[in-house]
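Data first, discussion second: the structure below is written as C-alpha cells.
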Ligand code: SF4
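Numbering (the numbering used here), first residue to last: 86 to 514.
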C-alpha cells in the first residue's frame, strides 16, 4: 500500500508530500523525504512496552501500572514540572496544559532552550512574517542568518527557496539571490551568492550597521564591523533594497549568541527599515516539527508561549524564573513529567543532576539520554507515523499529520488523557 501526501514529523518544514510504502505492517520505502525524514520513518528502535527502574536494572510493567505511577508521582508533588511537548501534536499539548493547571504545576516546552529569545523579541516589536508559500512564490532575495538548513532543514531550500520555482519566479536558481550570514563556512554557505562571515558574537553590531546603511547613515561606520568590510555591508543593503520581496530566516546562531533576544529585535527592526523601500519579512527556522505548535497551544490556552507557572492558581510567566532550566537549577521542582523531548541530551549538568534526584516519568517512543535517569518510561505511538494529530509548521500554518501505520501503541494524547482523568478524579471529585 502506498500512502501519498503523508507529513514528515521530523523538522519544522513539515513536508507534506511524502509517499510512504507499507508492506506487511511495516514501512518499507519512503519517497520525497530527505535523509532525516527517511530515518524518522524507517528507523525503528522503539521500546516494546513501559519500563520501570528496579535498582540497577529495568523491569517491564503494564501500561496501567505506568499510568498509576505517573498519577501518584504528580499528585504527591508540591511543584511538578511538565516539560517537553515539541515532538507531539497539539491535541496532546492541550491535555498537558489542563493537567498543569489542575496540578498547579509548571508547564514548559523546548522553545525555552531554543527560540524562546526570538519569541521575547516578537512580543516586544511584532513579527513581520509570512508563509513559506509566499516565499516560494515571491521572494527573489533570501538571507539565512545563523542557520544551516542543508543540515538541519534539508528541504527548506529545495521546496521553498534556492531551488524552488514559484508563481513569480520561473527559474528560481537563476532569479533568486541567496545571502548567508554565519561565523564559519557550512554546507549552506557553499550555495550562497554572497557569504558574509562575521566574528562570533558580532551579530548585533552587524545588524546595527546594516540598519544605519539602510537609513543612509553608513558614512559614519568604521571600515569593518564585526569582521565584515563596510563595502560588503553596503552591497548587501543595496541587494536588499533592489529586491522585490526579501525574506530573512534566522536560526540559533543568531538567537542563542551574545545579545540573544536583542539580536532578534534588531533583525526585526532591520526588516522594518528595509520594508520602507521594498517588501521584507523575517521568520525563525523552527527545529522540532511541532515546537511552533507548543507555543501556539500554550498561548491560546494560557496567554503565554512557554514557561507557564500555575502555582498561584493563575497562569504566570517570567522567562528566567518559570522556565525549566531555571527551576531545575534552583532545585525547585520535586517531580517531572517529560513528554516528547530529550532534556538528558541538552540540559546543563546541574539540571540533569537534579532530575536524577527526583522522580521522573518520560513519555517517549524511544530510549534516549533521558532514559538514563527516569524512573518510568512509557512508549507511545509516533505522531505522523502511527498516530495522527495537528502540528504547526515553522511559518505557523497548522497541518493535519496522517497515520500511515497501525502498531498498537497508544498515542501521547491517550496516555496523557488517562493520567489527566485519574488526577481529575482526585482533584475534582
Ligand atoms: Fe522531514 Fe524536515 Fe526533511 Fe522535510 S526537511 S523531509 S520535514 S526532515
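Glycine included, C-beta positions come from ideal geometry on N, C-alpha and C.
Next on the checklist: Excluding the 5 residues flanking residue 249 on each side, which residues of the same chain have their C-beta closer than 7 Å to its C-beta?
Outcome noted: Closer than 7 Å at Cβ, skipping near neighbours: 221, 243 and 257.
Checklist entry - Thinking C-beta only, is residue 138 closer than 8 Å to residue 146? => result no
Checklist entry - When burial is assigned at 16 or more other CB atoms within 10 Å of the CB, is residue 252 buried or exposed? => result Looking at its Cβ environment, which holds fewer than 16 other Cβ atoms inside 10 Å, residue 252 is exposed.
Checklist entry - Comparing the CB of residue 238 with every heavy atom of the ligand SF4, is any distance shorter than 7 Å? => result yes
Next on the checklist: Which residue wins for smallest C-alpha separation from residue 328, given the options 337, 366 and 160?
Outcome noted: 366
Item to check | Cut-off 6 Å between Cβ atoms - residues of its own chain near residue 414, not counting five sequence neighbours on either side | outcome: Within the same chain, residue 414 has close Cβ partners 435 and 436.
Checklist entry - Hey, out of 368, 481 and 291, whose CA is closest to residue 229's CA? => result Shortest Cα-Cα distance from residue 229 to any of 368, 481 and 291 involves 368.
Next on the checklist: Threshold first: 3 residues or longer. Then list the beta strand (DSSP E) segments lying entirely within the region 437-505, N to C.
Outcome noted: 445-448, 461-463, 474-477 and 483-486
Item to check | Rounded Cβ spacing between residue 484 and residue 99 (contact assumed at less than 8 Å) | outcome: 5 Å
Item to check | Cut-off 8 Å between Cβ atoms - residues of its own chain near residue 474, not counting five sequence neighbours on either side | outcome: Taking residue 474 as the centre and dropping the five residues before and after it, the same chain places the C-beta of 173, 174, 175, 176, 177, 468, 485, 486, 496 and 498 closer than 8 Å to its C-beta, in chain order.
Item to check | Exposed unless 16 or more other CB atoms sit within 10 angstroms - verdict on residue 87 | outcome: exposed
Checklist entry - Using a Cβ-Cβ cut-off of 6 Å (strictly less than) and excluding sequence neighbours within five positions of residue 118, which residues of its own chain qualify? => result 93 and 103
Checklist entry - With DSSP run on the structure shown, which of helix, strand or coil describes residue 268? => result Residue state, collapsed to three classes: coil.
Next on the checklist: Quick check on the burial criterion: 16 or more other C-beta atoms within 10 angstroms. Buried or exposed for residue 170?
Outcome noted: buried
Next on the checklist: Could you compute how far the alpha carbon of residue 493 sits from the alpha carbon of residue 325?
Outcome noted: 52 Å
Item to check | Contact belief for residue 359 with residue 378 at Cβ below 8 Å, rounded distance in angstroms | outcome: Between residue 378 and residue 359 the Cβ distance is about 29 Å, and since that is not below 8 Å, they are no contact.
Checklist entry - Exposed or buried, which one is residue 513 when buried takes at least 16 other CB atoms within 10 Å? => result exposed
Checklist entry - Cα-Cα, which of 224, 264, 223 and 214 is closest to residue 232? => result 264
Checklist entry - Using 8 Å as the threshold, is the region 343-358 in touch with the region 310-321, meaning 3 or more CB pairs across them? => result no
Checklist entry - Three-state secondary structure (DSSP) at residue 334? => result The answer is strand: DSSP assigns residue 334 an E or B state.
Checklist entry - Where residue 259 and residue 129 are concerned, what is the direct C-alpha to C-alpha distance, given to the nearest angstrom? => result 41 Å
Checklist entry - With respect to the beta strand (DSSP E) encompassing residue 326, which residues constitute its N-terminal and C-terminal limits? => result Element bounds for residue 326: not the beta strand (DSSP E) but the alpha helix (DSSP H), 315-327.
Item to check | Simplified DSSP assignment, three categories, for residue 89 | outcome: strand
Checklist entry - When the Cα of residue 456 is compared with those of 426, 403, 376 and 339, which residue comes out closest? => result Closest by alpha carbon: 426.
Checklist entry - Using 8 Å as the threshold, is the region 389-407 in touch with the region 179-197, meaning 3 or more CB pairs across them? => result yes
Checklist entry - Is residue 252 near the ligand SF4, in the sense that its beta carbon is under 7 Å from a heavy atom of that ligand? => result no
Item to check | Which residues DSSP lists as bridging residue 420, in chain order | outcome: 165
Checklist entry - What is the DSSP secondary structure of residue 254, reduced to helix, strand or coil? => result strand
Item to check | For residue 267 and residue 372, believed in contact at Cβ under 8 Å, the rounded distance | outcome: Going by Cβ atoms, the distance from residue 372 to residue 267 rounds to 17 Å, so no, they are not a contact pair.
Checklist entry - How is the alpha helix (DSSP H) around residue 365 delimited, first residue to last? => result That residue, residue 365, is in no alpha helix (DSSP H); its beta strand (DSSP E) goes 364-369.
Item to check | Check: residue 232 C-beta below 7 Å from any heavy atom of the ligand SF4 | outcome: no
Next on the checklist: Using a 10 Å radius around the Cβ and a threshold of 16 neighbouring Cβ atoms, would you call residue 209 buried or exposed?
Outcome noted: exposed
Checklist entry - Can you tell me whether residue 478 is buried or exposed, with buried defined as 16 or more other CB within 10 angstroms of its CB? => result buried
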